[in-house]
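This report concerns only the one structure given below.
Numbering (our numbering), first residue to last: 234 to 718.
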């Protein structure tokens with residue numbers, strides 16, 4: 234039977250706690266709950282009986298329970314969770330306590346008195362087996378110890394050392410099993426708390442930061458390359474700026490990685506907003522101002538990682554909110570780390586609509602990645618396309634696409650000199666007129682695939698000039714009509 238002692242100052246919470254224990258059906262209903270209505274009653278009950286659970290709502294009773302074998306459930310308050318060996322668990326609300334109790338249905342828990350009785354029975358059995366000595370080995374008694382206890386030399390009731398060792402080992406084993414149960418449940422509570430906190434925070438950020446964007450036909454595109462120095466981030470930045478210039482709603486988010494680069498590139502072109510914090514940090518830290526996440530440049534919403542973001546507690550649920558929130562934009566471009574994918578990168582694939590792979594003339598090296606790439610497509614049900622970067626006259630983009638058995642989305646000209654020079658410039662290379670002329674056709678083809686087959690590139694500067702000239706002409710006509718000129 235599981236025995237519980239409850240003392241709470243708040244009577245409303247008291248009834249909720251009692252209901253929680255009943256709802257959980259701990260040990261299939263084999264439970265006795267004693268309620269102390271005063272502090273004096275609590276002291277009396279705790280001294281008189283042994284309980285498996287002590288449910289309190291004030292830390293002032295913790296010293297009293299230090300020597301107790303039972304588990305202390307502190308309800309309800311904010312504060313740091315206790316260490317496993319302290320045999321205490323803190324709950325922030327009744328909901329957490331109820332979840333914890335529901336988990337106990339799968340555990341075999343007994344009160345300390347029952348455990349002590351079982352341990353004594355095991356000790357007696359072990360002592361008997363050793364003293365009977367079925368293998369014929371001589372049992373050594375500590376005669377000096379028996380003399381000190383006033384027993385004669387012929388009295389053979391002294392406990393053998395082996396029995397004491399087995400008892401000690403058995404006790405430690407039982408204690409370890411109990412601690413493991415407590416630790417497992419406490420860890421589960423922490424995990425559930427984290428999930429709920431992240432989900433709530435994600436909803437707040439979505440309402441605050443992403444409220445002006447639509448989610449009708451989102452496409453989340455991962456951009457990746459199996460090999461380094463293919464120009465993944467350079468392509469992402471310039472293509473995003475292209476989409477922004479065409480008034481296509483777009484955000485760029487950086488996938489988890491140790492070598493985050495996006496922030497360093499964007500801040501060359503546009504200084505981060507004052508007191509800027511990363512989207513990842515805002516998601517994990519409820520005390521951060523959500524407004525400080527916003528970083529827009531060239532009509533694109535930028536969501537780069539910051540230096541310590543990789544060290545937050547990331548799991549599948551957190552990654553879901555990380556990408557799902559940002560997918561409120563029409564187009565979300567995900568900058569994936571290069572090379573063989575780590576676990577957190579593989580989990581990111583679950584959130585993608587398509588995967589675009591940047592390749593070049595490294596023909597034979599890319600051949601070696603063929604099976605890996607197709608396993609990604611199969612395992613994650615992904616549509617995969619190639620973008621051939623740095624094309625020369627001798628390049629064979631279609632041959633590579635055929636060899637890899639993947640569709641070719643576009644070929645981009647070699648802009649090696651422009652890219653290297655851009656390291657020291659304060660604008661993306663696509664802002665250069667001759668570069669835009671080289672990229673507008675392949676970028677338009679990609680956009681037709683991404684957004685709409687009827688997409689047509691619009692020269693923003695030409696459009697602005699035409700609108701300005703139209704206004705000037707209308708103004709001149711009006712003045713002439715009224716005899717002003």
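Where is the CB? At the ideal position from N, CA and C, for every residue including glycine.
Tell me residue i's beta-bridge partners as DSSP assigns them.
i           : result
residue 236 : 265
residue 293 : Partner(s): none; residue 293 has no beta bridge.
residue 646 : 624
residue 323 : 307
residue 568 : 456 and 487
residue 288 : 239 and 306
When we look at the beta-carbon of residue i and count the other beta-carbons within 10 Å, is it buried (16 or more) or exposed?
i           : result
residue 601 : exposed
residue 719 : As shown, the chain starts at 234 and ends at 718. That puts residue 719 outside it, with no answer to give.
residue 496 : buried
residue 435 : buried
residue 583 : exposed
residue 675 : buried
residue 519 : exposed
residue 244 : exposed
residue 611 : exposed
residue 655 : buried
residue 508 : exposed
residue 511 : buried
residue 321 : buried
residue 490 : buried
residue 537 : buried
Taking Cβ to Cβ, would you say residue i is nearer than 8 Å to residue j?
i           : j           : result
residue 456 : residue 635 : no
residue 587 : residue 616 : yes
residue 239 : residue 269 : yes
residue 180 : residue 264 : Past the edges of the chain, shown from 234 to 718, lies residue 180, and the structure says nothing about it.
Using the Cα positions of residue i and residue j, report the straight-line distance between them to the nearest angstrom.
i           : j           : result
residue 580 : residue 452 : 17 Å
residue 593 : residue 540 : 30 Å
residue 516 : residue 621 : 35 Å
residue 481 : residue 562 : 9 Å
residue 438 : residue 558 : 8 Å
residue 527 : residue 462 : 29 Å
residue 570 : residue 556 : 16 Å
residue 607 : residue 647 : 27 Å
residue 477 : residue 531 : 6 Å
residue 513 : residue 524 : 13 Å
residue 235 : residue 284 : 8 Å
residue 613 : residue 641 : 20 Å
residue 376 : residue 282 : Low local confidence applies: a pLDDT of 41 at residue 376 is under 50, so the model's placement there is unreliable, with the coordinate-based value given in what follows. For residue 376 and residue 282, the distance between alpha carbons rounds to 38 Å.
residue 619 : residue 652 : 21 Å
residue 596 : residue 677 : 26 Å
Using CA atoms only, rank isn't needed, just tell me which of the options is closest to residue i.
i           : options               : result
residue 291 : 323, 249, 639 and 565 : 323
residue 720 : 641, 492, 682 and 535 : Lying outside 234 to 718, the shown extent of the chain, residue 720 is not represented and no answer is given.
residue 604 : 637, 293, 478 and 264 : 637
residue 249 : 280, 308, 630 and 274 : 308
residue 649 : 639, 629, 633 and 625 : 625
residue 503 : 251, 679, 660 and 684 : 660
residue 549 : 538, 267, 577 and 609 : 577
residue 431 : 320, 551, 680 and 589 : 551
residue 472 : 664, 242, 246 and 274 : 664
residue 454 : 688, 498, 658 and 590 : 590
Does the beta carbon of residue i sit closer than 8 Å to a beta carbon anywhere in chain C?
i           : result
residue 561 : Structure shown: chain C not included; a single protein chain is present.
Would the C-beta of residue i count as close to the ligand GDP, meaning under 7 Å from any of its heavy atoms?
i           : result
residue 559 : Judged by which ligands are present, the structure shown has none, so any question about the ligand GDP falls away.
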